[in-house]
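Structure record follows, encoded as structure tokens.
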Amino acid sequence: MSIQLSEQEVLRRQKLEELNKLGINAYPAEEFKVNASAEDIKENYERDKINYKNISLAGRVMSIRDMGKAAFAVIQDATSRIQIYVRKDDIAPNEDKSLYDVVWKKLIDIGDIIGVQGFVFTTKTGEISIHVTNFKLLSKALKPLPIVKTDEDGNSYDEVSDPEFRFRQRYVDLIINPHVRDTFRKRTRIFNSIREILNDNGLLEVETPILQSIPGGATARPFITHHNALNMPLYLRIANELYLKRLIVGGFDGVYEFAKDFRNEGMDRTHNPEFTMLEFYVAYKDYNWMMNFTERMLEKVVTDLYSTTEVTVGDKTIDFKAPFKRVTIYQAIKEHTGIDISNMDEAQLRDVCKQLNIHAEASMGKGKLIDEIFSAKCEGLYIQPTFITDYPVEMSPLTKKHRNNADLVERFELMINGKEIANAYSELNDPLDQRERFEEQVKLQERGDDEAMFIDHDFLRALEYGMPPTAGIGIGMDRLTMLLTNNVSIQEVLFFPQMKPEALNSAKEA
RNA sequence: GAUUCCGUAGCUCAGCAGGUAGAGCAUUACACUUUUAAUGUAAGGGUCCUGGGUUCGAAUCCCAGCGGGAUCACCA
Numbered sequence: 003m004s005i006q007l008s009e010q011e012v013l014r015r016q017k018l019e020e021l022n023k024l025g026i027n028a029y030p031a032e033e034f035k036v037n038a039s040a041e042d043i044k045e046n047y048e049r050d051k052i053n054y055k056n057i058s059l060a061g062r063v064m065s066i067r068d069m070g071k072a073a074f075a076v077i078q079d080a081t082s083r084i085q086i087y088v089r090k091d092d093i094a095p096n097e098d099k100s101l102y103d104v105v106w107k108k109l110i111d112i113g114d115i116i117g118v119q120g121f122v123f124t125t126k127t128g129e130i131s132i133h134v135t136n137f138k139l140l141s142k143a144l145k146p147l148p149i150v151k152t153d154e155d156g157n158s159y160d161e162v163s164d165p166e167f168r169f170r171q172r173y174v175d176l177i178i179n180p181h182v183r184d185t186f187r188k189r190t191r192i193f194n195s196i197r198e199i200l201n202d203n204g205l206l207e208v209e210t211p212i213l214q215s216i217p218g219g220a221t222a223r224p225f226i227t228h229h230n231a232l233n234m235p236l237y238l239r240i241a242n243e244l245y246l247k248r249l250i251v252g253g254f255d256g257v258y259e260f261a262k263d264f265r266n267e268g269m270d271r272t273h274n275p276e277f278t279m280l281e282f283y284v285a286y287k288d289y290n291w292m293m294n295f296t297e298r299m300l301e302k303v304v305t306d307l308y309s310t311t312e313v314t315v316g317d318k319t320i321d322f323k324a325p326f327k328r329v330t331i332y333q334a335i336k337e338h339t340g341i342d343i344s345n346m347d348e349a350q351l352r353d354v355c356k357q358l359n360i361h362a363e364a365s366m367g368k369g370k371l372i373d374e375i376f377s378a379k380c381e382g383l384y385i386q387p388t389f390i391t392d393y394p395v396e397m398s399p400l401t402k403k404h405r406n407n408a409d410l411v412e413r414f415e416l417m418i419n420g421k422e423i424a425n426a427y428s429e430l431n432d433p434l435d436q437r438e439r440f441e442e443q444v445k446l447q448e449r450g451d452d453e454a455m456f457i458d459h460d461f462l463r464a465l466e467y468g469m470p471p472t473a474g475i476g477i478g479m480d481r482l483t484m485l486l487t488n489n490v491s492i493q494e495v496l497f498f499p500q501m502k503p504e505a506l507n508s509a510k511e512a
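Count along the first sequence starting at 1, add 2, and that's the number in this note's numbering.
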């Protein structure tokens with residue numbers, strides 16, 4: 003690495019040498035015992051002052067206001083930020099004032115991680131602060147931290163807004179933008195909340211293969227990799243559905259997995275090549291049960307997160323109070339286009355597409371055409387949580403046929419804020435029907451549909467041993483998180499969204 | 001993949017009828033022992049994304065590339 007160092011970087015390296023000369027290890031090994039957090043102090047000091055006379059706290063220096071023989075600084079720990087007050091005569095009570103004049107004033111920078119000991123007090127201006135009696139450098143920062151200042155009205159100045167900077171150096175983004183940390187905490191709370199509900203209902207959390215020899219369970223282009231020892235291609239999973247259903251065959255009544263899935267498709271603000279999908283399957287249930295369960299689950303997730311069922315998303319308020327509205331896909335299309343397509347064949351559907359100005363590929367079958375019409379004319383209109391049900395059989399090769407209509411399947415998608423959040427069905431467990439559906443998919447492949455499914459013979463074999471009637475669902479966790487944290491970009495809810503490599507890696511290390 | 005906008009100091013940005021760069025914060029020095037976007041005075045800091053071209057002269061104009069955003073296509 004022969005990167006030109008900036009003035010500030012050179013300076014900080016010099017300070018590091020100074021520290022070494024003074025016998026101060028800028029990266030000490032020993033534990034620094036902490037007995038308070040910034041949040042704890044700010045929340046509890048006022049009514050419990052007795053317990054804040056001897057506190058120890060560690061964090062990153064976020065700002066310094068030097069007043070001559072005393073200084074104020076702001077320390078950020080994992081919970082929050084708190085002001086510290088460092089007075090020369092307090093940290094250096096004897097003749098030797100170098101701890102203040104040299105170490106504190108000259109060698110500590112914004113961005114450094116320090117530990118402080120002292121007592122809590124309230125300043126003249128009413129800010130709860132730590133009066134420092136001793137401090138210790140815990141880690142010296144060699145790069146200058148971008149400074150975001152916030153005034154008393156909450157306006158930010160010089161906020162780092164460049165998405166490239168923020169996503170490539172997420173660690174910096176997390177340090178300086180508290181709302182980013184908040185988003186990721188919420189993401190984890192959403193996952194925990196769901197995990198709790200599923201566990202409470204007796205489902206077993208499982209892990210299934212990411213490397214698969216037949217990518218199944220969804221229609222999407224997979225990533226291909228190669229196993230050297232076996233000398234064979236392997237695919238990164240596009241879904242884990244077929245494996246979870248094998249486990250239902252194996253006798254588990256309920257299984258779930260938060261699965262990283264991979265799809266080799268375009269990237270935009272709702273698509274990352276790797277993303278997280280929750281899938282779960284429950285034996286002896288059907289899609290009606292799953293709708294009931296899903297709406298209760300989401301209501302609880304939102305309540306756990308916000309203590310209310312309402313969530314603000316952009317300029318809208320979305321209410322997750324169960325039950326959610328339910329409407330069949332044919333009803334939805336009829337309602338929003340005035341056209342009843344329930345008895346149409348492929349040719350008639352093509353005419354409808356033409357009439358509605360919807361682009362229809364020659365390779366599209368009946369199911370895909372209906373899906374196009376719904377996507378173009380209906381999907382965006384469902385802002386409040388709505389189950390769209392009873393899809394045509396052609397676009398649902400893993401779904402059980404509808405109990406009352408052989409042209410339909412027992413499937414629903416949950417639409418929220420105009421987007422699909424979940425996809426679920428009464429799982430097809432008739433092995434002969436499943437084989438026929440796979441064969442239909444092969445025909446679609448032959449027509450040029452490069453996303454149609456492969457036949458998974460082992461999965462068929464599993465079904466032939468008998469799978470109980472089962473309800474299953476897939477929920478796009480990234481998109482659910484986007485929705486519940488009011489973010490429009492998937493990059494905002496992934497710590498490390500996919501990016502093209504920086505020149506940093508290729509050029510300078512070679 | 002297509003269209004479009006963007007890439008100037010550590011950060012946020014200005015500079016563009018072409019004359020080799022500015023501001024605020026950050027940094028450095030000095031002053032200030034309860035400040036809070038602390039303040040005052042002074043100073044330093046830039047392969048203007050990269051590579052070509054036009055020109056006496058390019059951060060500025062043209063071409064190509066790299067990276068990012070937005071919209072569209074594909075999809076979750």
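Note that beta-carbon positions come from the ideal geometry of N, C-alpha and C, so glycine has one too.
>> I'd like the list of long-range same chain contacts for Ile-418, defined as Cβ closer than 8 Å, with 5 residues on each side in sequence excluded.
In response: Ile-320, Tyr-384, Ile-385, Gln-386, Pro-387, Thr-388, Leu-485
> Is the region 107-125 touching the region 47-61 in the sense that three or more CB pairs, one from each, lie closer than 8 Å?
Replying inline: yes
>> On the DSSP letters alone, give me the boundaries of the beta strand (DSSP E) that Met-64 sits inside.
In response: 57-68
> Using CA coordinates, which residue listed in Asp-98, Leu-482, Ile-115 is at the minimum distance from Ala-75?
Replying inline: Ile-115
> Which two residues bound the contiguous beta strand (DSSP E) that contains Met-417?
Replying inline: 413-418
>> Since Glu-396 and Gly-369 should fall inside the 8 Å C-beta cutoff, what is the C-beta to C-beta distance between them, to a whole number of angstroms?
In response: 3 Å
> Given a threshold of 16 other Cβ atoms within 10 Å of its Cβ, counted over all protein chains shown, does Val-444 qualify as buried or as exposed?
Replying inline: exposed
>> My output table needs one value for Asp-92: the three-state DSSP class, helix, strand or coil.
In response: helix
> Where does Glu-48 sit, in a helix, a strand or coil, going by DSSP?
Replying inline: coil
> Which full runs of the beta strand (DSSP E) of 3+ residues lie inside the region 361-429, going along the chain?
Replying inline: 388-391, 407-411, 413-418, 421-428
> Between Asn-242 and Gly-256, which are expected to be in contact by the criterion C-beta below 8 Å, what is the C-beta distance as a whole number of angstroms?
Replying inline: Not really, about 15 Å apart at Cβ, beyond 8 Å.
> DSSP three-state call for Tyr-258: helix, strand or coil?
Replying inline: strand
> How far does the alpha helix (DSSP H) with Asp-202 in it reach, from first residue to last?
Replying inline: 180-202
>> My output table needs one value for Met-2: the three-state DSSP class, helix, strand or coil.
In response: The structure shown has nothing for residue 2, since the chain only spans 3 to 512.
> Whose C-alpha, out of Val-490, Met-293, His-338, is nearest the C-alpha of Phe-326?
Replying inline: Met-293
> For the region 88-175, which segments carrying the beta strand (DSSP E) assignment without a break, of at least 3 residues, lie completely within its bounds, in sequence order?
Replying inline: 115-124, 130-141
> Which residue or residues does DSSP assign as beta-bridge partners of Gln-214?
Replying inline: Tyr-237
>> Which residue wins for smallest C-alpha separation from Asp-164, given the options Thr-487, Gln-447, Leu-496, Asn-179?
In response: Asn-179
>> Measuring straight from C-alpha to C-alpha, what distance separates Ile-343 and Val-304?
In response: 36 Å
>> For Arg-271, tell me which candidate among Pro-217, Gln-500, Thr-227, Asp-155 has the shortest Cα-Cα distance.
In response: Gln-500
> So, helix, strand or coil for Asp-452, using DSSP?
Replying inline: coil
>> Under 8 Å, with one C-beta from each stretch per pair, do the region 166-185 and the region 135-154 reach the 3-pair mark?
In response: yes
> Which first and last residues belong to the alpha helix (DSSP H) in which Met-293 is found?
Replying inline: 289-308
> Helix, strand or coil for Tyr-467 per DSSP?
Replying inline: coil
>> Quick test of your reading: Tyr-393 and Ile-331, contact by CB under 8 Å. State the CB separation rounded to the nearest angstrom.
In response: 6 Å
> Comparing alpha-carbon positions, which option in Val-251, Arg-191, Val-118 lies nearest Asn-37?
Replying inline: Val-118
>> One question on the structure: do Leu-205 and Tyr-258 come within less than 8 Å of each other, judged by their Cβ atoms?
In response: yes
>> Helix, strand or coil, according to DSSP, for Arg-223 in the structure here?
In response: coil
>> Need the endpoints of the beta strand (DSSP E) that Lys-327 sits in, please.
In response: 327-330
>> I'd like to know whether the C-beta atoms of Met-299 and Ile-457 end up nearer to each other than 8 Å.
In response: no
> Regarding Asn-96 and the ligand ATP, is the C-beta to nearest heavy atom distance less than 7 Å?
Replying inline: Ligands in the displayed structure: none, and consequently the ligand ATP is not present.
> Going straight from the alpha carbon of Ala-60 to that of Ile-77, what length do you get?
Replying inline: 8 Å
> Which residues in the same chain have their Cβ closer than 8 Å to the Cβ of Ser-131, if we skip the five residues on either side of it in sequence?
Replying inline: Phe-74, Ile-84, Gln-85, Ile-86, Tyr-87, Val-122, Phe-123, Thr-124, Thr-125
> Do Thr-472 and Lys-287 have their C-beta atoms within less than 8 Å of each other?
Replying inline: yes
> Can you tell me whether Val-12 is buried or exposed, with buried defined as 16 or more other CB within 10 angstroms of its CB?
Replying inline: exposed
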